[in-house]
Structures are given as structure tokens and as C-alpha cells.
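Start counting at 1 in the sequence shown, then tack on 4, and there's your number in our numbering.
Contents: one structure, followed by commentary.
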Amino acid sequence: MLWDYRKYLKLHPTKNDPKLFDKAKITKASTDGTYANVLFAMGFATDKQLSQVYKDYRAWLKIHHPSKDTELTSAQAFLFDASRIDRAKSNSALAQRLFAKWKASGLDEGPVYQKLWIMGLENDNAVYKLYTDYVLWLDKNFPLPLKSTT
């Protein structure tokens with residue numbers, strides 16, 4: 005990731021954006037592991053919110069600025085990207101958007117179940133809840149027609 009950031013800095017000068025890290029500090033951190041630990045020691049391992057920001061940022065970078073050696077993800081595979089599923093398990097707004105994208109892609113409960121099964125549906129209660137929430141969302145937003153009794 006540090007290498008990707010250095011490439012980004014070369015393309016986007018930091019003179020006009022003081023929010024970015026100082027290029028000299030990043031360069032020094034890339035050659036001195038001790039300095040890198042000091043520079044980036046922000047309580048990452050203990051701060052869940054900071055950890056989530058980092059994971060979201062990595063997912064965003066992977067999508068919007070993939071490196072040349074990164075294998076591009078197909079649109080269908082991106083619907084079930086592990087980082088998106090992890091975020092959707094704890095973020096209901098993201099889950100709702102993901103449900104809409106699944107439905108727009110023609111994925112009803114069967115194909116979604118199969119994809120989530122591969123991702124650990126049987127062992128992870130949060131993934132199972134995500135699936136049941138999708139089924140309930142489908143029932144609410146796309147109800148099946150009632151069967152006639154005659």
C-alpha cells in the first residue's frame with residue numbers, strides 16, 4: 005500500500021493539499037521500518053473505527069485506483085466482494101444498496117444464497133442475517149403475486 009501511495013504522490017503534488025502526508029516522511033518511512041512504525045502508529049490494532057476507515061479506504065482504492073498488477077474484478081464478482089460483504093454486515097444503509105444492486109442484476113434469493121454459502125453463510129451468523137435481511141427486503145419491495153384460490 006505504501007508503494008501505491010508513493011505512486012499517487014508522484015502523480016498528484018501535495019503543495020495544494022496540506023491534508024496529505026508529507027512526501028519526505030513517506031519516503032523516509034519506505035526505507036526505515038522503525039520510522040514507519042512511529043509514523044503510522046495510530047492505535048490501528050485497538051481502534052475499531054480507525055480500522056474500519058482503513059478497510060473502507062483500501063476497498064475504495066482497489067476499485068477506483070487499481071494498481072497495474074491488480075487483477076480487475078468483474079461487475080458480477082464485485083457484487084460479492086468480501087470487503088463489501090463485511091461492511092454490509094454492520095452497515096444497514098450499505099446493505100440496502102447492495103440488495104438493490106443484487107436485485108437489479110437479476111439475483112433473487114437462490115443465487116445470492118449460493119454465493120453467500122461459499123463466503124461462509126453456514127458458519128457466520130452475520131452473513132446468515134444479511135441473507136435473511138435480503139429475503140425480507142425482497143418480500144417487502146418485490147412481493148410475489150398472491151395465488152388464486154379458485
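Glycine included, each C-beta is placed from N, C-alpha and C at the ideal position.
Taking the straight line between their C-alpha atoms, what separation do you get for residue i and residue j?
i      : j      : result
Asp90  : Thr153 : 43 Å
Lys52  : Thr31  : 27 Å
Asp128 : Thr38  : 38 Å
Ser78  : Tyr58  : 23 Å
Thr74  : Tyr138 : 31 Å
Ala144 : Gly114 : Looking at the sequence itself, residue 144 is Lys, so the reference to Ala does not match. So the alpha carbons of these two residues sit roughly 17 Å apart.
Gln100 : Ser71  : 29 Å
Lys27  : Gln80  : 37 Å
Gln118 : Leu76  : 23 Å
Leu140 : Ala33  : 49 Å
Do residue j and residue i count as a contact pair if the criterion is CB distance below 8 Å?
i      : j      : result
Leu102 : Ala92  : yes
Val116 : Gly124 : no
Ser55  : Leu83  : no
Leu120 : Tyr135 : yes
Phe146 : Lys107 : yes
Run through DSSP, which three-state label would residue i get?
i      : result
Phe84  : coil
His68  : helix
Glu75  : coil
Asp51  : coil
Thr31  : helix
Ser152 : coil
Asp143 : helix
Asn95  : coil
Glu113 : helix
Gly37  : helix
Asn129 : helix
Asp26  : coil
I believe residue i touches residue j by the beta-carbon criterion, under 8 Å. Please report the beta-carbon distance rounded to the nearest angstrom.
i      : j      : result
Leu148 : Asp112 : Contact doesn't hold; Cβ gap of about 10 Å is too wide.
Run the proximity test for residue i: is its beta-carbon closer than 7 Å to any non-hydrogen atom belonging to the ligand ATP?
i      : result
Ile122 : In terms of ligand content, the structure shown is empty, and the ligand ATP therefore cannot be addressed.
Exercise for the section: Say whether the stretch 61-73 touches the stretch 94-101, bearing in mind that this needs 3 or more beta-carbon pairs closer than 8 Å, one atom from each stretch. Expected result: By the Cβ criterion, the stretch 61-73 is not in contact with the stretch 94-101, since fewer than three pairs of Cβ atoms, one from each stretch, lie closer than 8 Å.
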